[in-house]
Amino acid sequence: MKYHVDERGYYGEFGGAFIPEMMYPNIRELRENYIKILDDKGFRDEFSTLLKEYAGRPSPLFHARRLSEFYNTQILLKREDLNHTGAHKINNTIGQILIAKRLGKTRIIAETGAGQHGVATATVCALMGLECVIFMGKLDVERQAPNVLRMKMLGARVVPVISGNMTLKDATSEAIRDWINNPDDTYYIIGSVVGPHPYPDLVARLQAVISEEIMWQIMEKTGRPEPDYLLACVGGGSNAAGSFYHYLDNDNVKLIAVEAAGLGTDSGETAATIATGSPGILHGSRTMIMQNDDGQITEPYSISAGLDYPGIGPLLAWLDRSHRVFFDSATDREALAAAFRLTRLEGIIPALEPAHALAILDKIRFRPDDVVVVTISGRGDKDMQAYIKYMNDMSL
Numbered sequence: 443m444k445y446h447v448d449e450r451g452y453y454g455e456f457g458g459a460f461i462p463e464m465m466y467p468n469i470r471e472l473r474e475n476y477i478k479i480l481d482d483k484g485f486r487d488e489f490s491t492l493l494k495e496y497a498g499r500p501s502p503l504f505h506a507r508r509l510s511e512f513y514n515t516q517i518l519l520k521r522e523d524l525n526h527t528g529a530h531k532i533n534n535t536i537g538q539i540l541i542a543k544r545l546g547k548t549r550i551i552a553e554t555g556a557g558q559h560g561v562a563t564a565t566v567c568a569l570m571g572l573e574c575v576i577f578m579g580k581l582d583v584e585r586q587a588p589n590v591l592r593m594k595m596l597g598a599r600v601v602p603v604i605s606g607n608m609t610l611k612d613a614t615s616e617a618i619r620d621w622i623n624n625p626d627d628t629y630y631i632i633g634s635v636v637g638p639h640p641y642p643d644l645v646a647r648l649q650a651v652i653s654e655e656i657m658w659q660i661m662e663k664t665g666r667p668e669p670d671y672l673l674a675c676v677g678g679g680s681n682a683a684g685s686f687y688h689y690l691d692n693d694n695v696k697l698i699a700v701e702a703a704g705l706g707t708d709s710g711e712t713a714a715t716i717a718t719g720s721p722g723i724l725h726g727s728r729t730m731i732m733q734n735d736d737g738q739i740t741e742p743y744s745i746s747a748g749l750d751y752p753g754i755g756p757l758l759a760w761l762d763r764s765h766r767v768f769f770d771s772a773t774d775r776e777a778l779a780a781a782f783r784l785t786r787l788e789g790i791i792p793a794l795e796p797a798h799a800l801a802i803l804d805k806i807r808f809r810p811d812d813v814v815v816v817t818i819s820g821r822g823d824k825d826m827q828a829y830i831k832y833m834n835d836m837s838l
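Going by the working numbering, the letters in the sequence shown line up with residues 443 to 838, in that order.
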């Protein structure tokens with residue numbers, strides 16, 4: 443278990459809780475209670491029931507036969523896009539809303555980029571009858587309009603954030619400010635494996651249901667105990683953390699994380715933190731971040747709102763530093779092409795986020811008998827404007 447968090451909240455040199463004093467009571471309350479709650483039988487039973495009967499788990503592990511033929515290998519897709527709300531985010535929000543209720547909280551806040559975490563949070567708040575406020579960068583509000591409408595329909599108040607570059611980083615900062623100002627009744631559902639301890643560990647544990655299912659599904663599908671490769675896209679890193687979790691100590695499985703290169707890692711218009719970043723502190727933890735020589739955060743860019751973040755979770759930073767996970771990146775255009783390939787070959791329209799993971803299939807030479815699992819972390823409904831523009835530009 444050398445890749446898991448230690449008692450101080452660190453993964454190797456990354457992690458911790460670098461927070462203002464006014465935020466400390468909130469974090470201490472969660473840190474002192476989250477393991478006890480996660481281990482409680484009543485919580486486990488309620489969480490499992492909601493994952494099954496509300497979210498629709500287990501999500502299928504689908505053998506993509508035509509895509510496999512195209513790449514001359516065996517490709518299986520972990521279909522998180524088929525979950526209720528259309529992404530893996532629901533796994534985390536169900537777990538955290540149950541924790542919030544056990545802590546006596548009545549008001550929920552969250553940040554969102556692509557809108558999938560916002561939708562998932564608004565969904566569980568509607569289910570549980572709790573007030574919901576979602577912070578979202580103004581740019582993301584504009585480019586993810588369908589998800590904004592879904593959040594409002596679910597009863598959430600969506601707050602457009604106009605600071606910074608008006609994307610996920612800025613929405614996270616505003617959510618943290620709100621939590622500091624409303625400590626007694628408010629719980630912050632962070633959407634990824636980022637932030638101060640214990641959030642990276644908490645979110646990874648809740649998303650680990652993905653790899654837990656893959657373990658028995660891969661045996662059922664192939665008769666083998668494990669895949670050869672496991673691929674996932676990475677922004678903050680929650681779907682990757684969940685996909686990799688039960689394989690971290692199994693060196694037989696090659697783990698590949700794919701960042702958003704944007705216009706290219708050398709272009710200055712990128713969100714590839716591992717490729718371009720350095721150690722620093724962002725949103726309460728020490729991790730790899732995109733920053734200039736003065737330590738100021740560099741504004742990220744990606745066509746994918748869910749990957750448009752200038753950092754990465756401390757677990758993923760440590761997995762890179764310890765060489766357990768191989769990191770690569772895909773450009774906007776590579777991700778778009780990969781999305782259209784999956785759509786045309788398998789009839790599955792992925793979100794732009796997992797399209798980045800699919801793009802890496804072009805860069806690896808697989809053997810015909812390799813078993814390759816790709817996590818499709820979300821569906822493409824929210825990205826239709828980008829896809830339509832690409833179709834028009836390419837005359838598809």
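For every residue, glycine included, the Cβ atom is placed at its ideal position computed from N, Cα and C.
Arg549: first and last residue of the uninterrupted alpha helix (DSSP H) it sits in: Under the DSSP assignment, Arg549 falls outside any alpha helix (DSSP H), being part of the beta strand (DSSP E) whose first and last residues are Arg549 to Thr554.
Three-way DSSP call (helix, strand, coil) for Met608 in this model: coil
Residue burial classification, Phe460 (beta-carbon count within 10 angstroms, cutoff 16): Answer is exposed; the Cβ neighbour count stays below 16.
Assigned exposure category for Ser848 - 16 Cβ within 10 Å defines buried: Within the shown structure, residues of the chain are numbered from 443 to 838, placing residue 848 beyond reach of any answer.
Beta-ladder partner(s) of Phe489, from DSSP: For Phe489, which the question treats as bridged, DSSP gives no partner whatsoever.
Exposure label - Glu795; buried when at least 16 CB within 10 Å: Glu795 should be labelled buried.
Reduced DSSP category for Thr664 - H, G, I as helix; E, B as strand; rest coil: helix
Beta carbon of Ile716 nearer than 7 Å to that of Gly722: no
Ser744 vs Gly704 beta-carbon contact at 7 Å: A contact, by the Cβ cut-off of 7 Å.
Rounded Cβ spacing between Val636 and His725 (contact assumed at less than 8 Å): Going by Cβ atoms, the distance from Val636 to His725 rounds to 6 Å, so yes, they are a contact pair.
Three-state secondary structure assigned by DSSP to Phe768: strand
Chain-order list of residues whose beta-carbon lies under 8 Å from that of Ile660 (same chain, five-residue window excluded): So the list reads Leu503, Leu518, Arg666, Pro667, Glu668, Pro669, Val813 and Val815, once near-sequence residues are dropped.
Local conformation of Arg599 per DSSP, three classes: strand
Same chain, Cβ closer than 7 Å to Gly457, five either side skipped, listed in chain order: Val447, Gly451, His639, Pro642, Ser727, Arg728 and Pro756
Limits of the beta strand (DSSP E) - the one that Lys531 falls within: Per DSSP, Lys531 belongs to no beta strand (DSSP E); it is in the alpha helix (DSSP H), Lys531 to Arg544.
Strand pairing of Lys520, partner residues [DSSP]: Leu503 and Thr817
Cβ-based burial, Arg821 [other Cβ within 10 Å; buried from 16]: buried
Environment of Pro625 [buried if 16+ CB atoms lie within 10 Å]: exposed
Pair within 7 Å by beta-carbon distance, Asp627 and Arg544: no
Alpha-carbon spacing of Ala799 relative to Leu778, whole angstroms: 11 Å
Own chain partners of Arg521 with C-beta closer than 7 Å, once the 5 adjacent residues on each side are dropped: Once the five neighbours on either side are set aside, the close Cβ partners of Arg521 are Ser501, Pro502, Phe504 and Ile818.
Span separating the alpha-carbon of Arg592 from that of Arg809: 43 Å
Minimum C-alpha distance to Leu509 - residue among Asn694, Leu787, Leu758 and Arg486: Leu787
CB-CB length for Phe577 against Ala617, believed under 8 Å: Indeed, because the Cβ distance is near 5 Å, the residues count as touching under 8 Å.
Where the alpha helix (DSSP H) containing Leu749 begins and where it ends: Neither: Leu749 is in no alpha helix (DSSP H) and is coded neither H nor E.
Reduced DSSP category for Met732 - H, G, I as helix; E, B as strand; rest coil: coil
Minimum C-alpha distance to Tyr832 - residue among Ala781, Ile806 and Arg807: Ala781
Identity of the residues DSSP links to Thr773 by a beta bridge: Gly704
Distance between beta carbons of Leu648 and Gly537, contact taken as under 8 Å: 4 Å
Per-residue burial, Gln733 [other beta carbons within 10 Å of its own, 16 or more giving buried]: buried
First through last residue of the beta strand (DSSP E) which encompasses Thr628: Thr628 to Tyr630
Distance, Pro742 Cα to Ala613 Cα: 14 Å
Residue environment, Ala587, which counts as buried when at least 16 other CB atoms sit within 10 Å: exposed
Under 7 Å between C-beta atoms of Gly677 and Ala650: no
Member of Met826, Lys494, Leu758 and Ile830 whose CA lies at the smallest distance from the CA of Val645: Leu758
Outcome for Gln516 when other beta-carbon atoms lying within 10 angstroms are tallied against a minimum of 16: buried
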